[in-house]
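If you're matching positions, the sequence shown starts at 1 in full-length UniProt numbering and goes up one per residue. Where a beta carbon is used, it is the ideal one built from N, C-alpha and C, also for glycine. The structure presented is a predicted model; accordingly, all values stated were derived computationally and were not measured. Here's the structure we're looking at; comments come further down.
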Amino acid sequence: MSEPTAGTTTTTETELDFAVAAYREDGDWQVTPLVLPDEPDLATLISALRRFPSESGVLGLISVDEDFFLLMRVIGGRARLLLSDVTAGSEWPLARQVLDELRIPVTDDDDDPMAAGDLEIVADLGLSPMDLSALCDDVDLYPEEMLEEIADALGFGRQFHDTLESLG
């Protein structure tokens, strides 16, 4: 992991709002909470997602401290990543790990927030890169709300909502 750049602050703990897996089994979407250590890293998240069966890859929907989200898609041995806000790397270790994996430099927290990574991550499932980008750019939405819209667009909104409700 790279060192934070000058002028950045670093939070030592990742405060997950939630982390869930979504996958298709026999054509139907299944959504389930991920069981993770207190402070998961990127490798732990990818490993957790690989445990699920899937016809089209397993999605990981992770929200951190109402600050940013991470959308992951694990297909076989490959992990595709989308970070909702590139500036989160200056504060959050998990976001910094994603940026390192994507080979994107950590930006200053004062820079404009923008998505980083694979905007085509769910294009084949029904959400275009343009729509996903516009969603990430909507400063009026919390990460949970953005992920809810993604889940709705992909066809598992009800299951996603019910899973989050069960988490309390």
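- [ ] Might you give, ordered along the chain, the residues of its own chain that have their beta carbon closer than 6 Å to the beta carbon of A151, omitting 5 neighbours on each side?
- [x] Only G157 and F160 meet the Cβ criterion.
Task: Cβ-based burial, I75 [other Cβ within 10 Å; buried from 16] - done: exposed
Open item on the list: Nearest by alpha-carbon distance to Y142: which of L34, D28 and S63 is it?
Closed with: S63
Open item on the list: Taking the alpha carbon of P113 as the reference point, which residue from P129, I121 and E91 has its own alpha carbon closest?
Closed with: The residue with the shortest Cα to Cα distance from P113 is E91.
Task: DSSP state of S84 mapped onto helix, strand, coil - done: coil
Task: Residue range of the alpha helix (DSSP H) that includes D100 - done: P93 to L102
- [ ] Would you mind working out which of R73, A79 and T107 sits nearest D85, comparing C-alpha positions?
- [x] T107
Task: Of the residues D118, D65, R73 and L34, the one placed nearest L16, counting alpha carbons only - done: D65
Task: Candidates P105, P93 and R80: closest to A123 by CA position - done: R80
Task: Spatial distance of E3 from R73 (CA atoms) - done: Low local confidence applies: a pLDDT of 39 at E3 is under 50, so the model's placement there is unreliable, with the coordinate-based value given in what follows. Computed Cα separation, rounded: 26 Å.
- [ ] Quick one: using the 10 Å Cβ neighbour count with 16 as the cut-off for buried, is D98 buried or exposed?
- [x] It should be pointed out that residue 98 corresponds to Val in this sequence rather than to Asp. Buried is the call here.
Open item on the list: Taking only three categories from DSSP, how would you classify D17?
Closed with: strand
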